[in-house]
Structure formats: structure tokens, C-alpha cells
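Protein chains in written order, with the numbering used here: chain A, 1 to 260; chain B, 1 to 260.
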DNA sequence: CTTGACCTTGACGCGAGGTCAACCCCTCAT
DNA sequence: ATGAGGGGTTGACCTCGCGTCAAGGTCAAG
């Protein structure tokens, strides 16, 4: 005959846990000796070990209670489910190991692979780190709001960034982003931009596909907003562009002539 | 700028969880818009994903809070500990899978391997199942109270059980265990027992080692108690043995002569 | 103007015990 | 016989990471 602490020790649990199982009706209350102490037999040892085996496998005690009185078929089915859950938990922990290991470094946390590759390409092209950080934050916001468009967008950006003319403009804009709003060099910059757009327009007329037209309005609005927020000078540039007959930032278009 | 549900979705968590992190000081409260709604930037996305990465790895939120503001060395050390814990949890789940799989069948739950082997040998020798169950329960109690002695005891029992004389006595006792306490066949049985002891005694004098003498008193008391509890007729047998000048059950000895 | 989706704070609930508190019981040494 | 120590007993509150109301305020669309 065992005392409660001996029973508990035989299954490697605490006395408190055994009493908890009694309170929950998982383990039947044994008879008491003359002084009111609980006294256990071998069957209690077996039962307690069964409880712990299931509980250690992550089965909730309420489910353990059902299982202890289940028939063989139901029990076998339950064992199958438990095993499946354990395998899943093992898989999740393996994935967690990978993610935690990547935690120390980089952009991978909040961005998909292709966005990370795009940012890396910007670094290769010599874009200043500050500009890359702004760009990264912008893409994080886009990814948060419209993750389903990210892969198309990144494909587009990676194509654009390989065009030397676009890269040249990019560098001009990066440089300009630090200028004050009333910097005298701004009008000349905008003139160069407009000339470039008009050149592109002609090229497009020659039959080159205009990839941007596939972007939906909501996405364009988001991209515009994000970049206007991120780059202080962007609003001023937009004003100057509109004065020259163009509007939009992501989806650049000629304004309708003002006389209409 | 993101609303709380957009932020939450970007990290795959619930809105409630994000608010919980604010309340715990894990994620700084962002600024509010005109209507009092929270508005988040890209940094919040990154931070939230960091929190979730750690939390998904099983790090308590209080620890996450420390880690987010820890220096690189402390952080790297913590990552090491987290990875170690994850590996341990994977190992535990693998072991749980094995134990759960064994749950459906048998004695292995509450007994060590050698005790299971001993019970299997009893079955091979044709011992009735009822007697084996009693014996199993007795050994479970012994294992619960003195697990450190089990391997020696089982070695001893396995040796004994290979001695045909012992096996013969064993069968007689098994049979007798079902008799009423006043069965007329009992005295003859005890006579046979005593004759066997005396024979053993002579054999021992011849130089055979007496293994039992290495058992300590506490263990002998436990074994006696367990078997006297388990087999109703054992007490009566003990009385009869003592009338013939022997005492003890596990550690059988001649009584001192009554005239002293 | 209403509906329905979103946001706010605050409070309680759960699951598996841990951790007191306050008391009883038994044994052993003084 | 007396106290100390190491069992046992019940009961009540604490923990953690949110889920789930409750009781509203806000916003865009029909």
C-alpha cells in the first residue's frame, strides 16, 4: 500500500497533480486509512502512469478522462490523432528553429524572398543605405496590406531596375529626397523626368508592352500613398509634375488639358 | 499606415493578441488617428513579427520583452538556449510518440523491462493468469517504493524460477492460494515446504551461495508485507510455518528455540 | 438613416497545476 | 512529555496567453 507521495513518485509527478486528478475525477479517490490518509494499490500506479503518458503527449485532462473509459476502437483512433498532432508539433518546432535562427539578421522577417532580392540588387547598384531602408519600409507596408500583389510587383521592379535610364532617375530622386522643399534644382529635375516620360511614351507607341497598366486602382492608390508618406519631397514633385501636364506617381498619366 | 487588424493580419495573429502585447509593453503603443484608432508603420510590422517568431518558439512573453531590448551577445546566447529547448521538446515528443504507441498493450507501463520478462517467463511456465496478475501488482508496488532494488530482485527471481523444485512449490502455492483458510490440506503443504527448506539448508552448507542474504531489512519487510497483503492465505501459512520453527517469508529463518 | 464592419476599454474565463495557509498525524530525540 | 521534523489534509488564490463577451464609438456604403 502506497501513500500519495509514493504513488506520485512512482509516476514522476507531484502530490499536487495526483490530488488534482482526484478532483477532476480522472483517478478514483482511494480508501483512507485510520488517520484519513489516502492509501493506493497497484492498480492506481498503472492508472496514474496511463494518465501521465497521455498528458505528457499533450492530451488535455478532459480528453484523458474520456479515453480512459473508451472502447478499444475509439482508443486506437484517438491514439492515431494524438500521434498525428505530435508529429505536427515536431514539424512546427523544426520550423521555429529555422525562423529563430534567421531572427538575428535582416529583411527576411517581414518581406518575401523576391522583395529581399530586390533590395539586395539595389545595394549592388550602390543605392545609399538610407534610401534602401525607406524603400524596405514602404514594401513592408505594401506586403502587409496586399501580400497577393507582391510577387507581380517585385517582378516589375526588378525589370525596371535593370534599365539604366530608370536607374539614373532613381539616383537623381534619391539625391533629391534630401533637398529642402523649395530647392532651386527641383524644376530642372522635374523637366528631366517629364522628358523621360515622353521618351517612354514614344517607345510604348512603338509596341513595347506597358506592364504598369495591369495594376489595379486600389493597389496604385496604396503605392502612391506609401511613397508620398515615406519621401517628404514627393508631394512637391507631384505638384511640379502636375504643373507640366502629368499626374499620378505609380501610374503616371497625362492630365486632361486644362481648357476642357 | 496600417490599422490594427491589418497589422495583426500581416503577422498572422489576432487583433486581441496585438492589444495584449501593447498592454504588456512588448509593442509600443502607436499614435492614434483623429478617431482614436491606432495607426501603425512598417517598424511595427517588423517588431510584431519578431515577437511572434520568438513566441512561436515557445518563449514566454516576459522573456520576449527582455530579448527585444537585449544587446547582441545576450541575444545570441538566448537564441542558443531557445534552440536547445526546441530540440529538447522535439526529443520529448518523439519519446511521447513511442510511449503512447505502447499504451494499448501491457505490463510495460508500470514495470521495468526485466520485471516484464520475468512475468513472461511465468506465463511460459504455465502459471495461471490470475496468479500472474497478483504477482504483477505486487511487483508494481515494490517498483513504486524501491525502484533501485528491482534489477537485483528480478535477477534473483529469474534464477529461482529456473529451479524445478522452486517451480513445483510455486505451483503448489498458487493452487493453495484459492483454498479457504481452514483447508485440511494446508498442514501437509507446509510440511512439504519445511522439508524443502531443510534440504536447501543442507545444500547451502555444502557451499552454495545464499543470494537472499544481500537483501536489506527494509526491502524484506516490504516484500513480506506486499505478499501477505496480496495472497489471503499467506498469513495462515506463516502461522503454520512458525509452529514448525520457521519464520519470515522473503527471508526465511529458523526461529530461536522456544525454551530460551 | 440604417446597416455592418471595424475600432475602443474593461472584465472574466480556461487549463494544469504551483504556492501558500492553517491544521492534523506520526515518529524520533531529548 | 515535549518539541521538532516530515508526512498528510482541505481550501483558496496565482500564473500565462490570450479568447470571449459587454457596451459602446466610428466609418463607408446603400
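Glycine is no exception: its CB is placed at the ideal position from the N, C-alpha and C atoms.
All of these numbers come straight from a predicted model, not from anything done at the bench.
### Message
For the alpha helix (DSSP H) containing residue 292 (chain A), name the first residue and the last one.
### Response
Nothing can be reported for residue 292 (chain A): it is not among the residues displayed for chain A, which extend from 1 to 260.
### Query
residue 239 (chain B) CB to nearest chain A CB: under 7 Å?
For the purposes of this step, residue 239 (chain B) is identified with residue 239 of the second chain, where counting begins at 1. Cβ-Cβ to chain A under 7 Å: no for residue 239 (chain B).
### Message
Are the CB atoms of residue 220 (chain A) and residue 250 (chain A) within a distance shorter than 7 Å?
### Response
Working through the first chain from its first residue, we reach residue 250 (chain A) at position 250. Working through the first chain from its first residue, we reach residue 220 (chain A) at position 220. Contact: yes.
### Message
Using only CA atoms, which one of A:116, A:234 and A:160 lies nearest to residue 180 (chain A)?
### Response
Here residue 180 (chain A) is taken as the residue at index 180 of the first chain, counted from 1. Selected option, being the one with the closest Cα: A:234.
### Message
Measuring straight from C-alpha to C-alpha, what distance separates residue 260 (chain B) and residue 31 (chain A)?
### Response
Looking up residue 260 (chain B) in the second chain gives position 260. Looking up residue 31 (chain A) in the first chain gives position 31. Its pLDDT being 35, under 50, residue 260 (chain B) is placed unreliably by the model, and nothing is read from it.
### Query
Can you tell me the Cα-Cα spacing of residue 75 (chain B) and residue 135 (chain B), whole angstroms?
Within the second chain, the letter at position 75 stands for residue 75 (chain B). Within the second chain, the letter at position 135 stands for residue 135 (chain B). The straight-line gap separating the alpha-carbon atoms of residue 75 (chain B) and residue 135 (chain B) is approximately 56 Å.
### Per-residue burial, residue 157 (chain B) [other beta carbons within 10 Å of its own, 16 or more giving buried]
Position 157 of the second chain holds residue 157 (chain B). Residue 157 (chain B) comes out buried.
### Message
Just to confirm my understanding: we take residue 7 (chain B), look at its own chain, exclude 5 residues before and 5 after, and list those with CB closer than 7 Å. What are they?
### Response
Locating residue 7 (chain B) in the second chain gives position 7, where the first residue counts as 1. Hits under 7 Å: 18, 40, 44, 45 and 48.
### Task
Closer than 7 Å by beta-carbon distance: list the chain B residues that pair up with residue 93 (chain A), in chain order.
Working through the first chain from its first residue, we reach residue 93 (chain A) at position 93. What residue 93 (chain A) touches in chain B: 86, 89 and 90.
### Reduced DSSP category for residue 94 (chain B) - H, G, I as helix; E, B as strand; rest coil
Residue numbering aside, residue 94 (chain B) sits at position 94 when the second chain is read from its first letter. Note: residue 94 (chain B) maps to helix in three-state DSSP.
### Query
In whole angstroms, what separates the C-alpha of residue 144 (chain A) from that of residue 72 (chain B)?
Translated into the one-based positions of the first chain, residue 144 (chain A) becomes position 144. Translated into the one-based positions of the second chain, residue 72 (chain B) becomes position 72. Approximately 28 Å between the Cα atoms of the pair.
### Task
Verify the CB distance criterion: does residue 2 (chain A) have a CB-CB separation below 7 Å to chain B?
For this step, residue 2 (chain A) is matched to residue 2 along the first chain. Interface annotation, residue 2 (chain A): in contact with chain B, CB-CB separation under 7 Å.
### Query
If you count every other CB in all the chains shown that lies within 10 Å of the CB of residue 34 (chain A), and 16 or more means buried, which is it?
Here residue 34 (chain A) corresponds to residue number 34 of the first chain, with the count starting at 1. Flag for residue 34 (chain A) reads exposed.
### Proximity of residue 100 (chain B) and residue 57 (chain A) at Cβ, strictly below 7 Å
Here residue 100 (chain B) refers to the residue found at position 100 when the second chain is read from its first residue. Here residue 57 (chain A) refers to the residue found at position 57 when the first chain is read from its first residue. In this structure, residue 57 (chain A) lies closer than 7 Å to residue 100 (chain B) by Cβ.
### Task
Counting only the same chain and skipping the five closest in sequence on each side, list residues whose C-beta sits under 8 Å from that of residue 103 (chain A).
Along the first chain, read from residue 1 onward, the residue named residue 103 (chain A) stands at position 103. The residues are 109.
### Query
Helix or strand or just coil, what does DSSP make of residue 247 (chain B)?
Numbered from 1 along the second chain, position 247 holds the residue referred to as residue 247 (chain B). Strand.
### Task
Below 8 Å CB to CB, which residues in the same chain sit around residue 2 (chain A) once its five sequence neighbours on both sides are set aside?
Start at 1 with the first residue of the first chain, and residue 2 (chain A) comes out as number 2. Beyond the five residues adjoining it in sequence on each side, residue 2 (chain A) comes within less than 8 Å, by CB distance, of 10, 39, 40, 41, 44 and 45 in the same chain, given in chain order.
### Task
Report the partner residues of residue 40 (chain A) according to the DSSP bridge assignment.
Numbered from its first residue, the first chain carries residue 40 (chain A) at position 40. BP columns for residue 40 (chain A) point to A:2.
### Task
Can you give me the Cβ contacts of residue 228 (chain A) inside the same chain, cut-off strictly under 8 Å, excluding the 5 residues immediately before and after it?
Translated into positions along the first chain, residue 228 (chain A) becomes position 228. Excluding its 5 nearest sequence neighbours in each direction, residue 228 (chain A) has C-beta neighbours in its own chain below 8 Å: 234, 235, 238 and 249, listed in chain order.
### Query
Whose CA, out of B:131, B:225 and B:190, lies closest to the CA of residue 242 (chain B)?
The residue you call residue 242 (chain B) lines up with position 242 of the second chain. The shortest Cα separation from residue 242 (chain B) among B:131, B:225 and B:190 belongs to B:190.
#### Entry: Helix, strand or coil at residue 185 (chain A) [DSSP, three-state]
Here residue 185 (chain A) corresponds to residue number 185 of the first chain, with the count starting at 1. Note: residue 185 (chain A) maps to coil in three-state DSSP.
### Query
Using the beta-carbon count (16 or more within 10 Å), is residue 37 (chain B) buried or exposed?
Numbered from 1 along the second chain, position 37 holds the residue referred to as residue 37 (chain B). Residue burial is scored here from C-beta neighbours: residue 37 (chain B) has fewer than 16 other C-beta atoms within 10 angstroms and is therefore classed as exposed.
#### Entry: Three-state secondary structure assigned by DSSP to residue 19 (chain B)
Within the second chain, residue 19 (chain B) is the residue found at index 19, counting from 1. Helix, per DSSP.
#### Entry: Identified DSSP bridge partners for residue 254 (chain B)
Position 254 of the second chain, counted from the first residue, corresponds to residue 254 (chain B). Beta-bridge pairing links residue 254 (chain B) to B:246.
### Query
Should residue 10 (chain A) be flagged as near chain B, meaning a C-beta pair shorter than 7 Å?
Locating residue 10 (chain A) in the first chain gives position 10, counting from the first residue. For residue 10 (chain A), the answer is yes, since a Cβ of chain B falls inside 7 Å of its Cβ.
### Task
Could you list which residues in chain B have their beta carbon closer than 9 Å to that of residue 197 (chain A), in chain order?
Within the first chain, the letter at position 197 stands for residue 197 (chain A). Simply none; closest approach about 29 Å.
### Task
Compare the C-beta of residue 13 (chain A) with all C-beta atoms of chain B and state if any pair is closer than 7 Å.
In the first chain, the residue the question calls residue 13 (chain A) occupies position 13. For residue 13 (chain A), no Cβ of chain B is located within less than 7 Å of the residue's own Cβ.
### Message
Taking the beta carbon of residue 125 (chain B) as the centre, do at least 16 other beta carbons fall within 10 Å, making it buried, or is it exposed?
### Response
As a first step, residue 125 (chain B) is located in the second chain; it is residue number 125 there, counting from the start. With fewer than 16 Cβ atoms within 10 Å of its Cβ, residue 125 (chain B) is classed as exposed.
### Query
Would residue 145 (chain B) count as contacting chain A if we go by Cβ distances under 7 Å?
The count along the second chain starts at 1 and reaches residue 145 (chain B) at position 145. Yes, contact with chain A.
### Query
Alpha carbon to alpha carbon, how far is residue 222 (chain B) from residue 175 (chain B)?
Along the second chain, read from residue 1 onward, the residue named residue 222 (chain B) stands at position 222. Along the second chain, read from residue 1 onward, the residue named residue 175 (chain B) stands at position 175. Our two residues, residue 222 (chain B) and residue 175 (chain B), have alpha carbons roughly 24 Å apart in a direct line.
### Query
Going by Cα to Cα distance, which pick from A:254, A:24, A:91 and A:123 is closest to residue 171 (chain A)?
Translated into the one-based positions of the first chain, residue 171 (chain A) becomes position 171. That would be A:123, whose Cα lies nearest to the Cα of residue 171 (chain A).
### Task
Report the neighbours of residue 160 (chain A) on chain B: residues whose CB is nearer than 7 Å to its CB, in chain order.
For the purposes of this step, residue 160 (chain A) is taken as residue 160 along the first chain, with counting starting at 1. Those do not exist, as residue 160 (chain A) stays about 22 Å from chain B at its closest Cβ, beyond 7 Å.
### Task
Could you please tell me which residues of the segment 121 to 150 of chain A, in chain order, have their CB closer than 9 Å to any CB of chain B?
136, 137, 138, 139, 140, 141, 143, 144, 145 and 147
### Query
Given residue 209 (chain B), which residues of its chain have a CB within under 8 Å of its CB, disregarding the five upstream and five downstream residues?
As a first step, residue 209 (chain B) must be located in the second chain, where it is residue number 209. In this predicted model, residue 209 (chain B) has a pLDDT of only 48, less than 50, meaning its place in the structure is not dependable enough to derive any value.
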